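Beneath this line is the structure, given in C-alpha cells, with notes to follow.
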Amino acid sequence: MRDKIILPFLALIALIVTFSSPVSNADQARSYAITKWDGDCSGSQRDWWDDMCMKWRNTMKNKGWSVWWNNFNLVRVSKFVDPAISAWGVDNGSSGIDQGNATMLCTHGGYDGNGWYGKMHTKENGECAVNLNQMKLGTATGGKLRFLHLSSCNSIRWDQKEKWFGPAAGKVHVITGFHGLMYIGYYYVGEYGDLANEGFSRGVGKVWVDRMHHVDHWYNVWKTVCPIALGFGDTETASAAALNERYNSKYPDRSAYWMTYRWKSGCDPDGASKLPN
C-alpha cells in the first residue's frame with residue numbers, strides 16, 4: 049500500500065476563478081448505472097452493474113442518507129458536464145452528478161489523450177461519452193459533490209491521474225477509480241456495500257483501495273483489480289487528510305492545489321502496466 053503527494057503547476061492557479069454556492073445540510077448519495085446498451089450508444093451488456101451501484105446506494109440509505117438514481121436510458125452526457133465548460137451541461141441540475149454529496153457511476157470506461165471517458169446509454173448533443181475534461185465537480189462551480197466513485201475501467205490510469213486536477217478544480221474532495229480493467233459480476237456486489245458501510249468509520253479513499261483490490265489466483269473467482277484513490281487539497285497536508293475523510297466527516301471544501309494518491313504496490317491488472325512498488 050502506498051500514498052504519494054504531488055503538486056501541479058501553480059502558475060495555472062491564478063487563472064482559476066471560483067464561485068460559491070450554498071450547500072444543503074441533507075446528505076445525498078446518487079448513482080448512475082447501465083447494464084444493457086440498447087439505445088443509440090454501443091457497449092457490451094453487463095447484467096450485474098446496476099446491482100453493484102444499488103448495493104452501495106442502499107447501504108448509504110441504511111446509514112441515514114437520502115438516495116437518488118438514474119439508470120439505463122436516463123444516463124446521458126449532459127448530466128455529467130459542467131456548464132462552466134459547456135453551456136448545455138446540467139451537472140448542477142436536479143438530475144446532475146454534482147447534486148449528490150457522494151456519487152457512483154457504473155459504466156464502461158476507456159481513455160484517450162484527454163484521460164478517462166465514460167460511455168453513455170443514449171446519444172445527446174452528438175456525444176455517447178463524457179470526457180473528464182468536461183467535468184468540474186464540487187462547490188466552486190455550483191455543485192455539492194465531495195466523493196466521486198467511478199466503477200469504470202481505466203478511470204484512474206496511473207500515467208493519467210494528474211488529469212483529474214481539472215475536475216477537482218471544483219473542490220471535490222476525493223475521486224476513486226481503477227487503473228486498467230475492473231470487472232462486473234455477482235461476487236463483486238458485496239464490496240460496494242462494504243465501501244458504504246465502512247466509509248462511515250474510516251477514510252473513504254482508503255476503504256476503496258482496500259475493498260476493491262483483488263488478485264487473480266487459480267483457486268478463486270477474482271480477476272486482478274487495481275483501485276486508486278485521489279485526495280485533493282490546498283496544502284500537502286490537506287490532500288493527504290482527504291483520504292481519511294469519512295462520508296459523515298464533512299471536511300472543508302479546498303482548492304485542488306495538491307493531490308495525494310493511494311494504490312496497492314505492485315498491482316498488475318489486465319489492460320494496463322504493473323503499478324509501482
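In this note's numbering, the protein residues as written are 49 to 325. From the three backbone atoms N, C-alpha and C, an ideal C-beta is built for every residue, glycine too. This structure is a prediction, so every number in the text was calculated from the model and none was measured.
- K312 carries a coil assignment under DSSP once its states are collapsed to helix, strand and coil.
- For N296, the number of other beta carbons within 10 angstroms of its own is below 16, and it is reported as exposed.
- In this structure, DSSP gives A290 a helical state, which the three-state scheme calls helix.
- Within the segment 152–190, the runs of beta strand (DSSP E) at least 3 residues long that lie entirely inside it are, in chain order, 157–160, 163–172 and 175–179.
- Between A320 and G253, the gap from beta carbon to beta carbon reaches 7 Å or more.
- Distance from the CA atom of A217 to the CA atom of G174, rounded to whole angstroms, is 26 Å.
- Pairing G91 with H197 gives a Cβ-Cβ distance that is not under 7 Å.
- Annotation: P317 is outside any alpha helix (DSSP H) and is labelled neither H nor E by DSSP.
- Taking C-beta separations shorter than 6 Å and ignoring five residues to either side along the sequence, the partners of T107 in its chain run G241, A244 and N245, following chain order.
- For V222 and H265, the gap between their C-alpha atoms comes out near 31 Å.
- In the three-state DSSP reduction, W206 falls in the helix class (H, G or I).
- If you draw a 10 Å sphere on the C-beta of D258, you find 16 or more other C-beta atoms in it, and that means buried.
- Around the CB of P300, fewer than 16 other CB atoms lie within 10 Å, so the residue is classed as exposed.
- Distances from the CA of A81 to each of Q93, A74, D88 and D75 were compared; the closest alpha carbon is that of Q93.
- At the C-beta level, V115 and R124 stay beyond 7 Å of one another.
- Distances from the alpha-carbon of L193 to those of N118, F128 and P324 put F128 closest.
- Around C89, the same chain offers K167, M168, H169, T170, K171 and C176 as residues with beta carbons nearer than 7 Å, after the five sequence neighbours per side are excluded.
- Taking the Cα of G190 as reference, the smallest distance to any Cα among N325, D139 and F213 is reached at D139.
- For S287, the CB contacts under 7 Å within the same chain, skipping 5 residues up- and downstream, are I53, G279, F280, G281, W306, M307 and T308 in chain order.
- Annotation: the continuous alpha helix (DSSP H) that includes A216 extends over F213 to A216.
- Relative to S143, the option among W311, N202, D318 and R78 whose CA is nearest is R78.
- Measuring C-alpha to C-alpha distances from M183 to each of W97, T151 and P131 identifies P131 as the nearest.
- In the assembly as shown, S313 is an exposed residue. Its beta-carbon has fewer than 16 other beta-carbons within 10 Å.
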